[in-house]
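Numbering (this note's numbering), first residue to last: 384 to 684. For each residue, glycine too, the CB sits at the ideal point set by N, CA and C. Note that the structure is predicted; figures quoted are calculated from it, not measured. Notes follow once the structure below has been shown.
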């Protein structure tokens, strides 16, 4: 997973990451100034370091609250530390008990660490709780990993009924429709996802994929130009479109129950996004960023 420089992290994460990073930044600031201004920069950096250290100490004292600990677990998962987060979830539940929030984070960590059966069981425990939508979405993503896209569509629709404005979920649903061969059904959720999150690369790529598979090549090209999609992403869109159209070609008026998921399709990587959105997994193991130039667009986490 691409590392994130401390300067790009939210302030709270900077404090948690390391107080020493503040000193490094302060010295770097001083080194860029003139000799006279450099001393002032270092002094200012030292003051900033002291303030950050005090804030770090204060926040460390607050780690005894459940919400703060859960926030730290969420941060670890955002950075891809899935195995480590499982250990902290164990510690969190030992201290404060099991809650829907800890069950959700556990299900996510299990899914991303290659434990689909345990992950599915955890997602199912969210049924009937305030996080039921997350439970349906997680089960839908697992169905996508298995290649059962009609089932993924069904489960993601249940999640979407409960959280209708979740752009990343809509993107997942649209992509699952495409993989299930339900091309016309993909249009609405993909358009909604794009308008709710217009800067999301996954939403852009999946809408371009929709244009390609529905024989709107000119519109797909114009849209990818306007969205400034990278050559690698364009290639992924076109490759995925060819695969989807080849799978649907022998079937007229494709219906979900008539389509069998392709098992000869190469393993699919993911499209990386600036906001760290999690993609719809198509492999049995964890997946989180499209680095390959031959990777297909997909949904989010």
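**Study point:** As assigned by DSSP and simplified to three states, the class of residue 510
**Key:** Your numbering for residue 510 matches position 127 in the chain shown. Three-state DSSP puts residue 510 in coil, outside helix and strand.
query: Can the beta-carbon of residue 526 be found closer than 8 Å to that of residue 554?
result: Sequence index remark: in the chain shown, residue 526 carries index 143 (1-based). Sequence index remark: in the chain shown, residue 554 carries index 171 (1-based). Taking 8 Å as the Cβ cut-off, residue 526 and residue 554 do not qualify as a contacting pair.
Can you give me the Cβ contacts of residue 415 inside the same chain, cut-off strictly under 6 Å, excluding the 5 residues immediately before and after it?
For the purposes of this step, residue 415 is identified with residue 32 of the chain shown, where counting begins at 1. Confidence at residue 415 is low in this model, with a pLDDT of 40, below 50, so its placement is unreliable and no value can be given for it.
Using only the alpha-carbon positions, how far apart do residue 476 and residue 457 sit? To locate residue 476, count along the chain shown from 1; it is residue 93. To locate residue 457, count along the chain shown from 1; it is residue 74. Residue 476 and residue 457: Cα-Cα distance of roughly 14 Å.
What number of angstroms, rounded off, separates the C-alpha of residue 560 from the C-alpha of residue 538?
Sequence index remark: in the chain shown, residue 560 carries index 177 (1-based). Sequence index remark: in the chain shown, residue 538 carries index 155 (1-based). C-alpha separation (whole angstroms): 12 Å.
Have a look at residue 589 and residue 565 and give me their C-alpha separation to the nearest angstrom.
As a working note, residue 589 is residue 206 in the chain shown. As a working note, residue 565 is residue 182 in the chain shown. Approximately 14 Å between the Cα atoms of the pair.
Worksheet item: Any idea if residue 446 is buried or exposed, counting beta-carbon neighbours within 10 angstroms, 16 or more meaning buried?
Response: Sequence index remark: in the chain shown, residue 446 carries index 63 (1-based). Residue 446 comes out exposed.
- Task: Compute the beta-carbon to beta-carbon distance between residue 552 and residue 520, rounded to the nearest angstrom, for a pair I have assumed lies under 8 Å.
- Result: Within the chain shown, the letter at position 169 stands for residue 552. Within the chain shown, the letter at position 137 stands for residue 520. Confirmed, about 6 Å.
Please say whether residue 625 and residue 593 have beta carbons closer to each other than 8 Å? Taking the chain shown and counting its residues from 1, the one referred to as residue 593 is at position 210. Taking the chain shown and counting its residues from 1, the one referred to as residue 625 is at position 242. Cβ distance not < 8 Å, so residue 593 and residue 625 don't count as in contact.
message: Determine whether the beta carbon atoms of residue 502 and residue 493 lie at a separation below 8 Å.
response: Within the chain shown, residue 502 is the residue found at index 119, counting from 1. Within the chain shown, residue 493 is the residue found at index 110, counting from 1. In contact: residue 502 and residue 493 (Cβ atoms closer than 8 Å).
Which residues mark the beginning and the end of the alpha helix (DSSP H) in which residue 568 is found? Numbered from its first residue, the chain shown carries residue 568 at position 185. Residues 566 to 579.
By Cβ distance below 6 Å, which residues in the same chain neighbour residue 628 in space, the five residues on each side in sequence not counted?
Translated into positions along the chain shown, residue 628 becomes position 245. Once the five neighbours on either side are set aside, the close Cβ partners of residue 628 are 596.
Suppose you measure from the CA of residue 465 to the CA of residue 615; what does that come to, to the nearest Å?
Walking along the chain shown from the start, residue 465 turns up at place 82. Walking along the chain shown from the start, residue 615 turns up at place 232. Those two C-alpha atoms are separated by around 27 Å.
Quick one: complete beta strand (DSSP E) runs, 3+ long, within the stretch 464 to 504?
none
### Task
Could you check the C-alpha separation between residue 608 and residue 504 for me, to the nearest Å?
Taking the first residue of the chain shown as position 1, residue 608 is located at position 225. Taking the first residue of the chain shown as position 1, residue 504 is located at position 121. So the two alpha carbons sit approximately 43 Å from each other.
- Message: Beta-carbon within less than 8 Å of residue 507's beta-carbon, same chain only, minus the 5 sequence neighbours each way: which residues are those?
- Response: Position 124 of the chain shown, counted from the start, is the residue given in the question as residue 507. 518 and 522, listed in sequence order.
Checklist line | Which listed residue (513, 611 and 484) has its alpha carbon closest to that of residue 452 | finding: Taking the chain shown and counting its residues from 1, one reaches residue 452 at position 69. Of the listed residues, the one whose Cα sits closest to residue 452 is 484.
Express the C-alpha separation of residue 449 and residue 479 in angstroms, rounding to a whole number. Reading the chain shown from its first residue, position 96 is the one you call residue 479. Reading the chain shown from its first residue, position 66 is the one you call residue 449. For residue 479 and residue 449, the distance between alpha carbons rounds to 7 Å.
task: Take residue 468 as the anchor and find which of 491, 481 and 482 has the nearest alpha-carbon.
output: Residue 468 sits at position 85 when you count from the first residue of the chain shown. Looking at the Cα atoms, 491 is the closest of the given residues.
Item to complete: For residue 488, I'd like the list of residues in its chain whose CB is within less than 8 Å of its CB, leaving aside the five on either flank, ordered along the chain.
Response: On the chain shown, residue 488 is found 105 positions in, with the first residue counted as 1. Closer than 8 Å at Cβ, skipping near neighbours: 453, 456, 457, 460, 468 and 472.
Worksheet item: Looking only at its own chain, which residues have a Cβ that is under 8 Å from the Cβ of residue 514, when we skip the five neighbours before and after it?
Response: Here residue 514 refers to the residue found at position 131 of the chain shown. The answer, listed in chain order, is 483, 484, 486 and 487.
Item to complete: Identify which residue in 500, 511 and 591 has its Cα closest to the Cα of residue 606.
Response: Looking up residue 606 in the chain shown gives position 223. Residue 591 is the option with its Cα nearest to residue 606.
*So, is residue 580 buried or exposed, given that buried needs 16 or more other C-beta atoms within 10 angstroms?*
The residue given as residue 580 occupies position 197 in the chain shown. Residue 580 is buried by the Cβ-count criterion.
request  = Work out the CA separation of residue 562 and residue 327 for me, nearest whole Å.
outcome  = Nothing can be reported for residue 327, as the shown portion of the chain is limited to 384 through 684.
Collapsed DSSP secondary structure at residue 598 in the structure displayed | Residue 598 sits at position 215 when you count from the first residue of the chain shown. Residue 598: coil per DSSP, three-state reduction.
Leaving out the 5 sequence neighbours to the left and right, which residues in its chain are closer than 8 Å to residue 567 when beta-carbon positions are compared? To locate residue 567, count along the chain shown from 1; it is residue 184. Within the same chain, residue 567 has close Cβ partners 597.
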